[in-house]
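Peer 1:
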Amino acid sequence: MSRKIFTAIWGAALAVFAASLVFIMGVSYNYFTGVQMKQLHAETALAAQGVSLCGKDYFTGLSTGDYRVTWIDADGTVLFDTGADASRMENHLEREEIRQALQNGMGEARRYSPTLADRQLYAAQRLPDGTVLRLSVVQLALWSLVLGFAQPICLVALLALGLSFLLASQLTKKIVAPINAIDPDNPMQYYEKDEYREVEPLLRRIAAQQAQLRRDRAEIERASLIRQEFTANVSHELKTPLHAISGYAELLESGLAKPEDVKPFAGKIRTESGRMTKLVEDIIDLTRLDAGGEDYVFESCDLLRIAENAVDSLETEASGAAVTLKFACDDTQSSSYYIALEQFEKEVEEKTNGAVQVELYGDAQLGNATDTIEGMQLGTIECAFASTAAVSQFVPEFYYVDAPFIFRDADHAHAVVDGEVGQIIGDASIEKQGIRVLGWMDTAFRNIYSSKAVRTVDDLKGLKIRVQDMKSQTDMMSYLGGIPVAMSYGDVYTSLQTGIIDGTENNETALTTGKHGEVCKVYSVDQHAMIPDVLIMSEKVWETISPEDQEIILEAAHDSTDAHKVMWDTAVEEAVKEAQETMGVEFVYDVDKEAFREATQPMIEAYEEQYPGVKTLLDTIDAARGEE
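Everything in the sequence shown is counted per the working numbering, starting at 315 for the first residue and increasing by one.
1) Alpha carbon to alpha carbon, how far is GLY795 from ASP772? Give it in angstroms, no decimals.
2) So, helix, strand or coil for GLN671, using DSSP?
3) Quick one: is ARG531 buried, meaning 16 or more other Cβ sit within 10 Å of its Cβ, or exposed?
4) Leaving out the 5 sequence neighbours to the left and right, which residues in its chain are closer than 7 angstroms to GLU661 when beta-carbon positions are compared?
5) Compute the beta-carbon to beta-carbon distance between THR358 and LEU449, rounded to the nearest angstrom, for a pair I have assumed lies under 8 angstroms.
6) Between the region 711 to 727 and the region 902 to 916, can you find at least three pairs of beta-carbon atoms closer than 8 angstroms?
7) Taking all protein chains shown into account, do 16 or more other C-beta atoms lie within 10 angstroms of the C-beta of VAL594, making it buried, or fewer, making it exposed?
8) So who's on the other strand from THR638, going by DSSP bridges?
9) Compare the C-alpha of TYR714 against each of ILE744, VAL928 and LEU752 and name the closest.
10) Once DSSP output is grouped into helix, strand and coil, what is the label at GLY838?
11) If we count the other Cβ atoms within 10 Å of its Cβ and call it buried at 16 or more, is GLU942 buried or exposed?
12) Could you check the C-alpha separation between ASP371 and VAL365 for me, to the nearest Å?
13) Mapping the DSSP letters down to three states, classify VAL731 as helix, strand or coil.
14) Taking GLN811 as the reference, give the member of LYS835, TYR793, ALA800 and ALA332 with the closest Cα.
15) Any idea if PRO846 is buried or exposed, counting beta-carbon neighbours within 10 angstroms, 16 or more meaning buried?
16) Quick check: ALA398 and GLU410, are their CB atoms within less than 8 angstroms of each other?
17) Expressed to the nearest angstrom, what Euclidean distance is found between the alpha-carbon atoms of GLN353 and VAL886?
18) Looking at ALA642: is its Cβ nearer than 8 angstroms to the Cβ of ALA698?
19) By Cβ distance below 8 angstroms, which residues in the same chain neighbour SER706 in space, the five residues on each side in sequence not counted?
20) How long is the line joining the alpha carbons of ASP508 and ALA326, rounded to whole angstroms?
21) Can you confirm whether ALA678, when its beta carbon is compared against all beta carbons of chain D, has any partner nearer than 8 angstroms?
22) So which of ALA332, LEU481, SER764 and GLU892 has the shortest CA-CA distance to THR826?
23) Can you tell me which of the three DSSP states LYS778 falls into?
24) Could you name the residues that DSSP lists as bridge partners for GLY753?
25) Leaving out the 5 sequence neighbours to the left and right, which residues in its chain are closer than 8 angstroms to ILE779 when beta-carbon positions are compared?
26) Whole angstroms is fine: what's the gap from GLY390's alpha carbon to GLU404's?
27) From the DSSP secondary-structure annotation, give me the bridge partner or partners of ASP395.
28) For PRO573, count neighbouring C-beta atoms within 10 Å of its own C-beta (all shown protein chains included) and say buried if the count is 16 or more, exposed if not.
29) Locate the alpha helix (DSSP H) running through ALA683, then write down its first and last residues.
30) What separation, rounded to the nearest whole angstrom, lies between the Cα atoms of HIS453 and ASN344?
31) At the level of alpha carbons, what is the spacing between GLY776 and GLY898?
32) Are there 16 or more other CB atoms within 10 angstroms of the CB of VAL880, so buried, or fewer, so exposed?
33) For ASP725, count the other beta carbons within 10 Å of its own beta carbon; 16 or more makes it buried, fewer makes it exposed. Which is it?
34) Exposed or buried, what is GLU664 when buried is set at 16 or more other beta-carbons lying within 10 Å of its beta-carbon?
35) Quick check: the Cα distance between PRO498 and SER538, rounded to an integer number of angstroms?
36) Near VAL839, what residues of its chain come up, given a Cβ to Cβ distance below 7 angstroms and the 5 sequence neighbours on each side ignored?
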């Protein structure tokens, strides 16, 4: 019997291993193919930007590596190809990826290429002039993946064989041991049997007894739960009239009740006492019904009157209840932003004597900035800390403070957001989305850093620079001559390391917190933008708060933003010192900022024509230079 069990277990283990190996190889092949296609799309997008900017000159001296680049006219004529003579190539209009690109802007395909005699991955993108740029690469073959994994597969197979052998041996012993331990009237006769049917009757009786025990236990637990729920409901129902009686009695005892209110209050106490008596009688009736002593008797009731009585009885208790503000922050609890918000929380609760409670949630516990804003609109979140980039998705006016080279320095930026412009944006936010701005958080100027110094506009031309996924930032980089690449912050380090991008833009703290100083050694201080963060609150919740507490909230927000400015300045200084001394980053300050500003001026003028109200706000921002 032991041998049979061992053979079955070991065979099953080996079968599972083989199936898992086949599955893993299939999944790995699909994964690596997907990664290959994703990388191909990224390279296609970058190449498309280059062709859009430089035309056919982009291909001069271009090193494509493993990629084949093909440029196709809108009618399917091949204009350029790195793998063959374009004039000899057939029309590509009917190619799947070309059709998709012409129709949808992007296209992809996987097929055998007669030209290259290999299976290829294709990615195509339609250019603004109607032409299509296509990149292709040899698709990773399954046999090459298997060969690449051959050594580790053999090692894993040997290890699996050994482990499955040991596992089968141990499991066999564990399965046989309980049977050997059974002590019936004739143990030797039972021991000599080599089949399971001899223990089946015993096992059936044990199983039946266990099933009965489980049913009994479930019934006991259900009865206990019913009693607990009944007790909780009774307690709740009794507390309601008790709170009302206690509240009215306290008012009468303290002498706070007006003479004309004494009689009505006494009447309410009498009414609530009658409710308690009725509740006790109902409890007694329920007990009798549960015992099966009486039949159910149905009566009509006035639900509106019951609801009105409940509201009336809880009025005195509800009048002293505190307002709770759930405050969402997508930054870490160790960040200067979170520390400043902790100061806000403490100040609000202390100065309102607990009438307004703040529950601070960091580390994006309530979602990212966009999620929290949507939560405010749904009424699930009262307050949030968010970037203007996130809020601008809902209120376009926030885009205006993100425009490049509109701030002379930090003092100018603070004067703008804390002055008339900030008020205009705040009013628009309330009107359009019901979101109130409580204060503005400092984020320092953003600068460009890469592997080389960027002192002039010409130094930036042709460089692939990561920017935030914001129209103002992608437009800015295009006007400066760089190639904007929008990507998430978490992908920046690897993209810099692998050369997907040539540089990025951010404030000095990104060099240390994001480790960007390890792969970018030149930080050019151009101060192209200062994109603030904001403290926001639901206007519906704001209107439920007393004017006195509103003033306290605004004062606490102002105090916390002031405190953050000090912490932020310290963080920037420490980041610069660490980047220079530990990472070897060179800081370049002799940047021709005026030339950068002039290069983006046509962008500002285009915005003034495209978006109503932009010119007025930008004029107000410019005027603030002389009002500081």
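Note that the Cβ used here is the ideal one computed from N, Cα and C, for glycine as well.
Model, not experiment: these values are computed from the prediction.
Peer 2: The structure says:
1) Straight-line Cα distance between these residues: approximately 8 angstroms.
2) Strand at GLN671.
3) The residue in question, ARG531, is exposed, as its Cβ has fewer than 16 Cβ neighbours within 10 Å.
4) So the list reads ALA870 and ASP873, once near-sequence residues are dropped.
5) Approximately 5 angstroms separates the beta-carbon atoms of THR358 and LEU449; this is inside 8 angstroms, confirming the contact.
6) Cβ pair count under 8 angstroms is three or more, so yes.
7) Flag for VAL594 reads exposed.
8) Answer by DSSP bridge pairing, in chain order: GLN671.
9) From the listed residues ILE744, VAL928 and LEU752, the smallest Cα separation to TYR714 is found for VAL928.
10) Looking at the sequence provided, one finds Ser at residue 838 rather than Gly. Strand.
11) Note on GLU942: pLDDT 47, under 50, position unreliable in the model; no value is reported.
12) Here the alpha carbon of ASP371 sits roughly 8 angstroms from the alpha carbon of VAL365.
13) The answer is helix: DSSP assigns VAL731 an H, G or I state.
14) Nearest of LYS835, TYR793, ALA800 and ALA332 to GLN811, Cα basis: LYS835.
15) Result: buried.
16) Judged by beta-carbon spacing, GLU410 lies beyond the 8 angstroms limit of ALA398, meaning their Cβ atoms are not closer than that value.
17) Their backbone Cα atoms lie some 35 angstroms apart in a straight line.
18) Result yes, Cβ atoms of ALA642 and ALA698 sit closer than 8 angstroms.
19) Here the set comprises PHE712, TYR713, ASP716 and MET784.
20) Since pLDDT at ASP508 reaches only 47, below the 50 mark, its modelled position is unreliable, and the value read off the structure follows with that caveat. Cα to Cα, the separation comes out at about 22 angstroms.
21) Checking the listed chains, one finds no chain D in this structure; it contains a single protein chain.
22) Comparing Cα-Cα distances from THR826 to each of ALA332, LEU481, SER764 and GLU892, the minimum goes to GLU892.
23) DSSP places LYS778 in strand when its eight states are reduced to three.
24) Residue pairing for GLY753: DSSP places it in a beta bridge opposite LEU849.
25) For ILE779, where only same-chain residues beyond five positions count, the Cβ hits under 8 angstroms are ILE762, SER764, MET791, GLY796, ILE797, PRO798, VAL799, ILE815, ASP816, GLY817, THR818 and GLU819.
26) So the two alpha carbons sit approximately 9 angstroms from each other.
27) Beta-bridge analysis with DSSP links ASP395 to THR384.
28) That one is exposed.
29) Annotation for ALA683: the continuous alpha helix (DSSP H) segment containing it runs 683 to 692.
30) Before going further, note that residue 453 is Gln rather than His in the sequence given. Roughly 11 angstroms separates the two Cα atoms.
31) Their Cα atoms are separated by approximately 25 angstroms.
32) It is exposed - the Cβ of VAL880 has fewer than 16 other Cβ atoms within 10 Å.
33) An exposed status is given to ASP725, since fewer than 16 other beta-carbon atoms sit within 10 Å of its beta-carbon.
34) By the C-beta density criterion, GLU664 is exposed, having fewer than 16 other C-beta atoms within 10 angstroms.
35) With a pLDDT of only 41 at PRO498, under the threshold of 50, the placement of this residue in the model should not be trusted; the figure read from the coordinates follows. For PRO498 and SER538, the gap between their C-alpha atoms comes out near 39 angstroms.
36) Answer for VAL839: ASN761, PHE901, VAL902, TYR903 and VAL905, listed in chain order.
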